[in-house]
Amino acid sequence: MRLLLFTGKGGVGKTTLAAATAARLARDGVKTLVVSTDPAHSLGDAFGLALGDEPVEVDSGLFAGHIETRGLVDQAWRTLRDHLRTMLAGAGLDELDAEELTVLPGIEELLALTEVARIAQAGPWETVIVDCGPTAETLRLLALPEALAGYLERLFPAHRRAVRGLLGTLAGGSLDKWDALASGLGDLAGRLEGLRALLTDRDVTGVRLVLTPERVVAAETRRTVTVLTLQGIAVDALLVNRLVPDPGADRGVAADWLRTRRAEQQAVLDEVRRETAVPVWTAGHRAGEPVGASALLVVADDLYGERDPLRRAPDRPLLSVRRPATPDGEYLLTIALPLSAEDRLDLARAGDELVVTVDGRRRLVALPSVLRRCVVSGASADDDGVTVRFQPDPALWMR
1 MRLLLFTGKG GVGKTTLAAA TAARLARDGV KTLVVSTDPA HSLGDAFGLA
51 LGDEPVEVDS GLFAGHIETR GLVDQAWRTL RDHLRTMLAG AGLDELDAEE
101 LTVLPGIEEL LALTEVARIA QAGPWETVIV DCGPTAETLR LLALPEALAG
151 YLERLFPAHR RAVRGLLGTL AGGSLDKWDA LASGLGDLAG RLEGLRALLT
201 DRDVTGVRLV LTPERVVAAE TRRTVTVLTL QGIAVDALLV NRLVPDPGAD
251 RGVAADWLRT RRAEQQAVLD EVRRETAVPV WTAGHRAGEP VGASALLVVA
301 DDLYGERDPL RRAPDRPLLS VRRPATPDGE YLLTIALPLS AEDRLDLARA
351 GDELVVTVDG RRRLVALPSV LRRCVVSGAS ADDDGVTVRF QPDPALWMR
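Here the UniProt record's numbering is used: the first residue of the sequence shown is 1, the next is one more, and so on.
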């Protein structure tokens with residue numbers, strides 16, 4: 001099973017290319033589901049149909065639907081929230097404070113992702129395509145499983161959830177309520193871990209970043225590639241949409257405009273290809289809006305040509321360690337981050353973890369065991385990513 005996530009800056013045509021990819025796969029005999037987590041829910045417009053939260057077959061082997069988060073919140077979070085509120089009230093908090101503490105940040109987005117995971121793993125589809133929201137929202141969405149797992153662990157550590165009797169009195173003296181709460185929190189933690197594993201499984205999940213050949217959009221896309229790589233999520237293609245046609249030898253005002261615009265777009269496209277190792281595929285600008293499976297197939301054939309739409313990203317680990325050539329040498333930890341000159345990078349050591357921050361987005365990276373007995377001696381950046389130098393700590397290193 002493959003899971004493909006489509007995102008991009010608002011207005012670049014991500015919904016159209018997500019729907020077109022789904023139509024192409026279905027035509028090729030791959031049973032495909034395309035769903036939307038974008039609150040705008042324009043996926044139905046691309047097919048010229050009204051879609052609901054139950055997938056419907058819009059063409060042979062092609063299914064589509066929307067994911068409604070409001071119903072998911074009521075169904076999946078209400079019971080757990082009520083138990084947690086009762087417990088906090090039993091600990092002496094007033095009702096208003098307890099209510100505020102049980103508002104889990106990002107719960108709607110989280111449940112949308114867990115629903116995608118459930119559909120992908122339980123349904124009969126060979127490929128699930130997700131039309132996500134705009135880039136900024138999607139980056140926050142994809143970071144949620146790891147962030148919320150940390151939030152949950154700080155609020156209720158696993159060792160405290162396991163102690164049934166010690167904190168039972170906090171649930172109003174009811175061990176049944178404590179058991180229900182502990183079970184619910186454990187279930188939520190398990191979902192987060194499973195979701196994180198799915199998103200970082202490069203054999204299953206890939207992100208397609210949609211952009212138009214404009215400098216501002218391309219700059220945002222390059223930053224997005226870096227952030228997703230930092231999160232361990234594979235970007236398997238950049239889809240450049242709306243390339244204007246080459247007017248050839250035509251003359252006139254319209255041809256001159258096309259020639260100038262084409263040159264501007266080509267310059268941006270060349271720059272994108274130089275600065276990233278991710279495959280770049282293009283689709284032309286069309287006079288009319290493609291609506292319906294037949295029109296979307298024309299777009300897909302232009303975009304993919306003879307290429308396999310399910311092509312995976314090159315397998316490159318986020319972290320790699322090179323051992324020193326001499327006993328007194330340094331270990332080199334390479335973090336495979338595609339950085340541009342504009343990226344702001346900060347590195348810090350926190351116990352057995354390396355804190356990597358790029359443009360304000362942070363990731364805690366667990367250090368390999370051999371480096372936990374070392375101290376950081378320096379760092380540098382090049383085309384391969386960031387290289388951090390480690391020197392063995394004499395106090396911890398066995399000679």
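The beta carbon of each residue, even a glycine, is placed where N, CA and C say it ideally should be.
A quick note: this is a predicted structure, and the numbers were derived from the prediction, not measured.
Worksheet item: For A249, is the classification buried or exposed, using 16 other Cβ atoms within 10 angstroms of its Cβ as the cut-off for buried?
Response: For this step, residue 249 is matched to residue 249 along the sequence shown. A249 should be labelled exposed.
Worksheet item: Hey, would you say A120 sits closer than 8 Å to M1, going by beta carbons?
Response: One-based indexing of the sequence shown puts residue 120 at position 120. One-based indexing of the sequence shown puts residue 1 at position 1. Yes; because the gap between Cβ atoms is below 8 Å, this pair is in contact.
Worksheet entry | Per-residue burial, R208 [other beta carbons within 10 Å of its own, 16 or more giving buried] | As a working note, residue 208 is residue 208 in the sequence shown. Looking at its Cβ environment, which holds 16 or more other Cβ atoms inside 10 Å, R208 is buried.
Fill in: G173, buried or exposed, once every other Cβ within 10 Å from all chains shown has been counted against 16
As a working mapping, residue 173 is identified with position 173 in the sequence shown. With a pLDDT of 49 at G173, under the threshold of 50, the modelled position of that residue is not reliable, and the figure given next carries that caveat. Burial call: exposed.
Worksheet entry | Straight-line Cα distance separating R251 from R312 | Reading the sequence shown from its first residue, position 312 is the one you call residue 312. Reading the sequence shown from its first residue, position 251 is the one you call residue 251. Computed Cα separation, rounded: 42 Å.
Discussion item. Quick check on the DSSP output: what are the complete beta strand (DSSP E) runs of length 3 or more inside the region 307-365, in order along the chain?
Written reply: 319-322, 331-335, 345-350 and 353-358
Worksheet entry | Rounded distance between the beta-carbons of I67 and S36, thought under 8 Å | Walking along the sequence shown from the start, residue 36 turns up at place 36. Walking along the sequence shown from the start, residue 67 turns up at place 67. Contact flag correct, Cβ pair sits at about 7 Å.
Worksheet item: Out of T229, T212 and D270, which has the shortest C-alpha to C-alpha gap to L243?
Response: Along the sequence shown, read from residue 1 onward, the residue named residue 243 stands at position 243. When only C-alpha atoms are compared, the closest one is T212.
Fill in: Rounded distance between the beta-carbons of V365 and L319, thought under 8 Å
The residue given as residue 319 occupies position 319 in the sequence shown. The residue given as residue 365 occupies position 365 in the sequence shown. Confirmed, Cβ separation roughly 7 Å.
Worksheet item: With a Cβ-Cβ cutoff of 8 Å, do V217 and L238 count as a contact?
Response: As a working note, residue 217 is residue 217 in the sequence shown. As a working note, residue 238 is residue 238 in the sequence shown. Not a contact, by the Cβ cut-off of 8 Å.
Item to complete: For Q391, I'd like the list of residues in its chain whose CB is within less than 7 Å of its CB, leaving aside the five on either flank, ordered along the chain.
Response: The sequence position of residue 391 within the sequence shown is 391, counting from 1. Around Q391: E330, C374, V375 and S377.
Practice prompt. Mind checking which residues open and close the alpha helix (DSSP H) that includes residue 401?
Written response: Beyond the ends of the chain as shown, which are 1 and 399, falls residue 401; an answer cannot be given.
Worksheet item: Who pairs with H285 in a beta bridge, going by DSSP?
Response: The count along the sequence shown starts at 1 and reaches residue 285 at position 285. Paired residues: none, contrary to the question.
Worksheet item: Considering only C-alpha positions, which residue in the set D352, V386 and T357 is nearest to P338?
Response: Within the sequence shown, residue 338 is the residue found at index 338, counting from 1. If we check each option's Cα against that of P338, V386 comes out closest.
Worksheet entry | Terminal residues of the alpha helix (DSSP H) in which D302 lies | Looking up residue 302 in the sequence shown gives position 302. Here the alpha helix (DSSP H) through D302 covers A293 to Y304.
Worksheet item: What three-state label does DSSP hand K9 in the structure shown?
Response: Within the sequence shown, residue 9 is the residue found at index 9, counting from 1. In the structure shown, K9 sits in coil (DSSP, three-state: anything other than H, G, I, E or B).
Discussion item. Between W281, R140, E146 and P145, which has its C-alpha nearest T224's C-alpha?
Written reply: Mapped onto the sequence shown, residue 224 falls at position 224. Among W281, R140, E146 and P145, the Cα nearest to that of T224 is on R140.
Discussion item. Quick check on D64: does DSSP put it in helix, strand or coil?
Written reply: Locating residue 64 in the sequence shown gives position 64, where the first residue counts as 1. A small correction: the amino acid at residue 64 is Ala; Asp does not occupy that position in the sequence shown. Three-state DSSP puts A64 in a strand.
Discussion item. Here's the rule: buried if 16 or more other CB atoms are within 10 angstroms of the residue's CB, otherwise exposed. What is residue 400?
Written reply: Past the boundaries of the shown model lies residue 400; the chain is included only from 1 to 399, so the question cannot be answered.
Fill in: Straight-line Cα distance separating T205 from L198
To locate residue 198, count along the sequence shown from 1; it is residue 198. To locate residue 205, count along the sequence shown from 1; it is residue 205. Whole-angstrom Cα-Cα distance: 7 Å.
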